[in-house]
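To start, the structure itself, in structure tokens.
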Amino acid sequence: MSHQPTSAAHIISNDEEALASAQALAAVFAPDAGERDARRHLPQADIERFSDSGLWAITVPQAFGGAGVSFRTLAEVVRRISVADPSLGQLPQNHYGVIDLLLQTGTPEQQADYFAKVLQGQRFGNAFSESASAHAGRFETRIRFRRDHVVLDGEKAYATGALFAHIVPVSAVDEDGRIFVALVPRDAPGLSVLDTWDGFGQRITASGTARIEAVKVPLEAVLPAYQAYDRPTADGPVSQLIQAAIDAGIAAAAFQDSLRHARQARPWIDSGQTHGHEDLFSQAIIGDLSWQLHAAEALLEEAADAVDIAQASPGIDTVAQASAAVAKAKILTTEIALLASSKLFELAGTRSVSGRHHLDRHWRNARTHTLHDPVRWKYHLVGNYRLNHVPPPRHTWN
Numbered sequence: 001m002s003h004q005p006t007s008a009a010h011i012i013s014n015d016e017e018a019l020a021s022a023q024a025l026a027a028v029f030a031p032d033a034g035e036r037d038a039r040r041h042l043p044q045a046d047i048e049r050f051s052d053s054g055l056w057a058i059t060v061p062q063a064f065g066g067a068g069v070s071f072r073t074l075a076e077v078v079r080r081i082s083v084a085d086p087s088l089g090q091l092p093q094n095h096y097g098v099i100d101l102l103l104q105t106g107t108p109e110q111q112a113d114y115f116a117k118v119l120q121g122q123r124f125g126n127a128f129s130e131s132a133s134a135h136a137g138r139f140e141t142r143i144r145f146r147r148d149h150v151v152l153d154g155e156k157a158y159a160t161g162a163l164f165a166h167i168v169p170v171s172a173v174d175e176d177g178r179i180f181v182a183l184v185p186r187d188a189p190g191l192s193v194l195d196t197w198d199g200f201g202q203r204i205t206a207s208g209t210a211r212i213e214a215v216k217v218p219l220e221a222v223l224p225a226y227q228a229y230d231r232p233t234a235d236g237p238v239s240q241l242i243q244a245a246i247d248a249g250i251a252a253a254a255f256q257d258s259l260r261h262a263r264q265a266r267p268w269i270d271s272g273q274t275h276g277h278e279d280l281f282s283q284a285i286i287g288d289l290s291w292q293l294h295a296a297e298a299l300l301e302e303a304a305d306a307v308d309i310a311q312a313s314p315g316i317d318t319v320a321q322a323s324a325a326v327a328k329a330k331i332l333t334t335e336i337a338l339l340a341s342s343k344l345f346e347l348a349g350t351r352s353v354s355g356r357h358h359l360d361r362h363w364r365n366a367r368t369h370t371l372h373d374p375v376r377w378k379y380h381l382v383g384n385y386r387l388n389h390v391p392p393p394r395h396t397w398n
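Quick note on numbering: the sequence shown equals residues 1 to 398 in UniProt numbering.
The following block contains the structure:
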């Protein structure tokens, strides 16, 4: 992967264009999604088409030449792409997160430089998570500051998007335990990105391993990421909103396939009906799935509006409200994605388990992606906030 785009990306000008572009791309991505999943075919050409469309740059502020779309629009863009193929929907998740981190912690010079790169079509990946650390928020990767550069050493797991990136953001801690993010060119000496991802879901995200061995980057490529949580910012809610949008897309795709296959299913012998869609119990299940999906999508929109408010007016209250709103959306999008992708088979019948239909990918994708952070803690977060007025802890998972 070159650290320069192969062609100049289109620059989207407003929210309406972003939504239309997402809908058009989803129509292109959807037909082959099952086959890509089955073959674990890494979608390089699709990613180029995706970023060339300009959708990866829609959150760049208008002051820097971008569309500066609302978070409601961003969530809907991610949801629409994820209906078609949630692996493709997930790939820019950290990219959007890094754009927000630049807004929160970057200098004006860094913002101008990197936002220009994004508008040209450059993609951020990620090298954040570590599988061997004590917990998800602790990092063993080290950053050592020198006179005019830093040196990075460590190993990362679940490096979604890094294989396809032009720039790989690497999180690391200094000797005082503060977290920094270094923006490392994909072809930097000492950086190796390995396609070791063998998860049964989200198969083509290439969420593998990044090895960082004495990687040097200039000081101007380093962000003081810890500052995004030393004060109230929307950085955590932004990240979680995108995760919920992906799950909402998975749920909608499973529901669409449920409708299609339920209409084609044979009726049960005791139903007294001629067609499967006349089965009263099938109708009841569809009704149950329908309201839950609608509620999840409504909560996603409500959460996005709360994030917009927190981004515009960051404070203890607005950020806490955004975090709680996103947590509610995360709860319901998780549950409906898992439920709809499972009920699909009950509605469609035995023939639906044939591999040629690729229907199992919905459940595999839902189960895999919803493990990103435990939804059981979202219940606690919402309850503690509503009952005791305790603001959610500020970090990237809230």
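Glycine included, each C-beta is placed from N, C-alpha and C at the ideal position. Given the structure is predicted, the values throughout are model-derived calculations rather than measurements.
Can you tell me which of 158, 384, 329 and 383 puts its alpha carbon nearest to the alpha carbon of residue 206?
158
Hey, out of 266, 325 and 196, whose CA is closest to residue 348's CA?
266
Closest by CA to residue 324, which one among 288, 392 and 82?
392
Can you tell me which of the three DSSP states residue 218 falls into?
strand
Distance check for residue 341 and residue 99, CA to CA, integer angstroms please.
32 Å
Expressed to the nearest angstrom, what Euclidean distance is found between the alpha-carbon atoms of residue 49 and residue 246?
19 Å
Starting from the Cα of residue 85, find the closest Cα among 32, 73 and 45 and give me that residue.
Nearest C-alpha to residue 85: 32.
Looking at the strands, I want to know which residues DSSP matches up with residue 154.
212
Identify whether residue 49 lies in helix, strand or coil by the three-state DSSP scheme.
For residue 49, the secondary structure class from DSSP, reduced to helix, strand or coil, is helix.
Can you give the Cα-Cα distance for residue 1 and residue 275, rounded to whole angstroms?
Residue confidence is low: residue 1 scores 49 on pLDDT, short of 50, so the model does not pin down where it sits. Its coordinate-derived value is still stated next. In a straight line, the C-alpha of residue 1 is about 52 Å away from that of residue 275.
Between the Cα of residue 164 and the Cα atoms of 291, 234, 193 and 298, which residue gives the shortest distance?
193
Anyone know if the C-beta pair for residue 250 and residue 366 falls short of 9 Å?
yes
Near residue 149, which residues of its chain fall below 8 Å by C-beta distance, leaving aside the five closest residues on each side in sequence?
216, 217, 218 and 219
Under a three-way DSSP split, which group does residue 194 fall into?
In this structure, residue 194 counts as strand in the three-state DSSP scheme.
In or out: residue 360 buried (at least 16 other Cβ within 10 Å) or exposed?
buried
Compare the beta carbon distance of residue 115 and residue 64 with 9 Å and say whether it is the shorter of the two.
yes
Measure the Cβ-Cβ separation of residue 46 and residue 74 and say whether it is below 9 Å.
Between residue 46 and residue 74, the C-beta spacing is not below 9 Å.
Quick check on the DSSP output: what are the complete beta strand (DSSP E) runs of length 3 or more inside the segment 82-134, in order along the chain?
none
Can you look up residue 159 in the DSSP assignment and give me helix, strand or coil?
coil
Report yes if the C-beta distance between residue 18 and residue 12 is below 9 Å; otherwise report no.
yes
Under the assumption that residue 233 contacts residue 314 (Cβ atoms under 8 Å), give the Cβ distance between them as a whole number of angstroms.
Under the criterion of beta carbons closer than 8 Å, residue 233 and residue 314 qualify as touching, at roughly 5 Å.
Determine the burial state of residue 147: buried for a count of at least 16 other Cβ atoms within 10 Å of its Cβ, exposed for fewer.
Result: exposed.
Between which two residues does the alpha helix (DSSP H) containing residue 310 stretch?
280-312
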